[in-house]
Amino acid sequence: LGLLGDLRRALDAGDVELHYQPKVGFDGHVAGLEALVRWVHPDRGRVPPDEFIAIAESSGLMPRLTEYVLETALAQVARWRAMGLEVPVAVNVSPRDVHSPGFAGAVAARLARHRVPPGSLQLEITEHVLLEDPQRAADTLAGLTAHGVKMSLDDFGTGYSSLVHLRRLPVSELKIDRSFVARLAVDNEDAEIVRCTLDLAHSLGLLVVAEGVEDDETWERLRDLGCDAVQGWLVAAAMPPDETTAWLRARG
Ligand code: G
Ligand code: G
Ligand code: NA
Ligand code: MN
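Once you know that position 172 of the sequence shown is 594 in full-length UniProt numbering, the rest is easy, because the numbers rise by one and skip nothing.
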């Protein structure tokens, strides 16, 4: 598979980009930005992230990809801070990352090197981190949390979501997967799932972000249900760094 070698070279050459998608509160405040990788292959054009992330996962390239994304995102956070734009950035990490020894320490070292306060970094994990070695994962996440890094539970509702998982994971935010959000305004069952998830998360003291919000009606329903923030095309799609800077400035 040539794609793996091409991806490795693209990472070494700095040819993989990060785009940033805002998470916004109902009063309009910017709660954060999610970093999302974008790779334009010289011959094939844009490769969907799902595709090359799967390749990175199965080939052992994931730690390298995550290292690249963390490094690029933290350099960007430092640049924004220098411009007076203080916004937390969320980076997606895979279960493999969380289980690799020394991950928490490596993240702390990277934050220090970029002089970025730990509270400006959020790591988005999925419940899959608990499948392999739940205790080890919980220890790593506790270490990161103790350092001040915020943890977010991504894609909630799609995996092995349970109260046990929620209780075991030291997360401060829960993201409701867009598969439940998309039809919220027209499907009563989805609306119920979202309502129950909000109740549960709030009773555990978590902030809730709804993903994939595309229209005003869904936005209004989420606001009325007491959701804390939204992410989705209604607000903005993921944008290249310069466009994100302009977007942040226009927001004031
Ligand atoms: O924009 P979207 O197509 O970006 O992302 C597709 C999938 O890829 C999502 O599940 C998203 O979480 C994942 N993804 C995007 N960027 C990263 C990244 O930097 N690291 C990891 N592990 N996953 C990412
Ligand atoms: O797995 P994760 O939640 O990180 O994936 C985020 C994915 O959702 C990315 O592919 C991103 O581009 C996509 N996305 C973000 N906002 C919207 C939206 O409003 N609608 C849809 N359909 N996809 C979205
Ligand atoms: Na994510
Ligand atoms: Mn998600």
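We put the beta carbon where it would ideally sit given N, CA and C, even for glycine.
ALA632 and ALA457 have their C-alpha atoms roughly 16 Å apart. Restricted to the stretch 536-582, the beta strand (DSSP E) segments that are unbroken, complete and at least 3 residues in length are 543-547, 572-578, listed in chain order. The alpha-carbon separation between ARG645 and GLY581 amounts to approximately 25 Å. For MET661, the secondary structure class from DSSP, reduced to helix, strand or coil, is strand. Nearest in C-alpha terms to ALA651, of all of ASP519, VAL538, LEU628, PRO517, is LEU628. Sequence-distant partners of MET484 (beyond 5 residues in either direction) whose C-beta falls short of 6 Å from its own C-beta, in its chain, are ALA478, SER516, ARG518. PHE578 is positioned such that its CB atom lies closer than 7 Å to that of LEU596.
The stretch 424-500 contains, as complete beta strand (DSSP E) runs of 3+ residues, the segments 438-447, 452-463, 467-469 (chain order). According to DSSP, residue pairing for ILE615 in a beta bridge does not occur. Contact check for VAL446 against VAL635 fails: the beta carbons are separated by 7 Å or more. Here the alpha carbon of ARG643 sits roughly 15 Å from the alpha carbon of ASP449.
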